[in-house]
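Asks: So this note's numbering is basically just the index in the sequence shown, starting at one, shifted up by 774.
Each residue gets a CB set at the ideal place from its N, CA and C atoms; glycine is no exception.
Model, not experiment: these values are computed from the prediction.
Mind having a look at this structure? Questions to follow.
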Amino acid sequence: MNYRISAPDPALRNDLQHKIDQKTKPLGALGGLERLALQIGLIQQTLTPSLDLPTIAVFAGDHGAAKAGVSAFPQDVTWQMVENFLAGGAAINVFARANGLGLKVVDAGVAHNFGSRDGLVDAKVAPGTRNYIEEAAMSEAERDTAIARGAALARELAATGCKVLGFGEMGIGNTAAASLLTHHLTGTPLNDCIGRGTGLDDPGLARKRDLLAQASARAGLPALNNGGSDHAQAVLAEFGGFEIAMMAGAMLGAAEAGMVLLIDGFIVGSALLVAARIEPNVLPYAVFCHRSAEPGHQAQLKALAAEPLIDLGLRLGEGTGAALAWPLVKAAAAFLNEMASFESAGVSEKS
């Protein structure tokens, strides 16, 4: 798979920084918002960025390992929550409406037949993955199909004028898959990547750790912090979900189209790890929106040298962290475009 992602041309950096520094404020007084404005300007290669048609895409998929007991919730919750998204009743619906974000719900591989439904993008690869404790979660062909469909979806959104794509997910058992991906793609000890997910008690957490250790041993893949594309794709096929694979593809397609990527928490972070190992130039397009309460997210952020915008102890998924951070992203572009300079406002600069 070939993605023509160019790192943003740094030639504009000095002009962007000068514009930021000349706003009516002390140097650096807007802190991380200034770094965010610089990033957005570099992504779009302009001194006057626009954040048109911002959209959150929620990718849903089921995991065969869920029936082995890696989650506190039954697998049926995945399709039931998709119905909740379509009815407008989930947290991501509320936050998207509150912040003026478009919302796409994508069936990447749910073990349920929804039929043709308004508001649902049918990109189903298969009705859930296989149980990775016993065998690979997906075939290479299924993996490649999921990645390609994600990239195609991102390109379609870009063609409509969408310049910002946020990522969310739904899939019972997907924190377990993300833990395995994080371990194998960062080299972090497996237990340091495993959290309580949807609310496991202590015995449940111990069972989850034991099952994931079995899965990792079965696959026999190394845990590397500097593995390349082939390693990442092998890890994805062994342990991933169709929603994770499709998000990775959508990230690659969106970066190729020059979009701003709003990265949610732990599950979305695992997809970004895959995408970044396939094509490292995806990373400058990624805005890390929040710090998840899941322990594995800390390993991801460290491996990617990332500092998220907000830390509210969130661990819901669905793209809720991306939606809640969106006002900060808007504010960064707005101050760059609309805030007066010392010269235009007739304000004296520091002597």
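1. Which residue marks the beginning of the beta strand (DSSP E) containing A1060, and which one marks its end?
2. For the region 788–796 and the region 830–843, state whether three or more C-beta atom pairs, one from each stretch, are separated by less than 8 Å.
3. Which same chain residues, not among the five before or five after A811, have their C-beta less than 7 Å away from its C-beta?
4. Taking the C-alpha atoms as reference points, what is the distance between A803 and E916?
5. Taking 8 Å as the threshold (C-beta atoms), are A897 and R929 in contact?
6. So the candidates are D836, M1033, I814 and T919; which of them puts its Cα closest to the Cα of T934?
7. Under the three-state reduction of DSSP, which class applies to A834: helix, strand or coil?
8. Drop a sphere of 10 angstroms on the beta-carbon of S1044, count the other beta-carbons inside from all chains shown, and report buried for 16 or more, exposed for fewer.
9. Is it buried or exposed for E1012, if we count other Cβ within 10 angstroms and need 16 for buried?
10. Can you tell me which of the three DSSP states G935 falls into?
11. Determine whether the beta carbon atoms of G973 and T903 lie at a separation below 8 Å.
12. With respect to the beta strand (DSSP E) encompassing I1037, which residues constitute its N-terminal and C-terminal limits?
13. By DSSP, does D976 sit in helix, in strand, or in coil?
14. One question on the structure: do T852 and M912 come within less than 8 Å of each other, judged by their Cβ atoms?
15. Can you say whether N1000 is buried or exposed, counting buried as having 16 or more other CB atoms within 10 angstroms of its CB?
16. Could you tell me the boundaries of the alpha helix (DSSP H) in which L1098 lies?
17. Rounded to whole angstroms, what is the Cα-Cα separation between P1082 and S1125?
18. Could you give the distance in angstroms between the alpha-carbon of I779 and the alpha-carbon of P977?
19. Apart from the five residues just before and just after D1085, which ones in its own chain have a Cβ nearer than 8 Å to its Cβ?
20. May I have the straight-line CA-CA distance separating V1121 from E808, to the nearest angstrom?
21. Where does D1085 fall in DSSP's three states?
22. Counting only the same chain and skipping the five closest in sequence on each side, list residues whose C-beta sits under 7 Å from that of G893.
23. Where do the ends of the alpha helix (DSSP H) carrying A840 lie?
24. With DSSP collapsed to three states, give me the class of K793.
25. Using DSSP with H/G/I as helix, E/B as strand and the rest coil, what is F941?
26. Compare the beta carbon distance of G961 and L986 with 8 Å and say whether it is the shorter of the two.
27. How many Å lie between F1062 and D1038 at the Cα?
28. Would you call E1053 buried or exposed, if buried means 16 or more other Cβ atoms sit within 10 Å of its Cβ?
29. Could you name the residues of the same chain whose beta carbon sits closer than 8 Å to that of V856, not counting the 5 residues immediately before and after it, in chain order?
30. With DSSP as the reference, label S1122 as helix, strand or coil.
31. Can you give the Cα-Cα distance for V1048 and Q1007, rounded to whole angstroms?
Replies: Reading from the atomic positions:
1. A1060 to F1062
2. no
3. I794, A1106, A1107, F1109 and L1110
4. Spanning the two alpha carbons is a distance of roughly 49 Å.
5. no
6. M1033
7. strand
8. buried
9. Looking at its Cβ environment, which holds 16 or more other Cβ atoms inside 10 Å, E1012 is buried.
10. coil
11. no
12. V1034 to I1037
13. In the three-state scheme derived from DSSP, where H, G and I count as helix and E and B as strand, D976 is classed as helix.
14. no
15. exposed
16. That run of the alpha helix (DSSP H) goes T1094 to E1112.
17. 34 Å
18. 45 Å
19. H1064 and R1065
20. 20 Å
21. In the structure shown, D1085 falls within a coil segment according to DSSP collapsed to helix, strand and coil.
22. L860 and V879
23. Bounds of any alpha helix (DSSP H) do not take in A840, whose DSSP letter is neither H nor E.
24. helix
25. strand
26. no
27. One alpha carbon belongs to F1062, the other to D1038, and they sit about 7 Å apart.
28. buried
29. A834, V879, D881, V884, H886, F888, L894 and M944
30. coil
31. 7 Å
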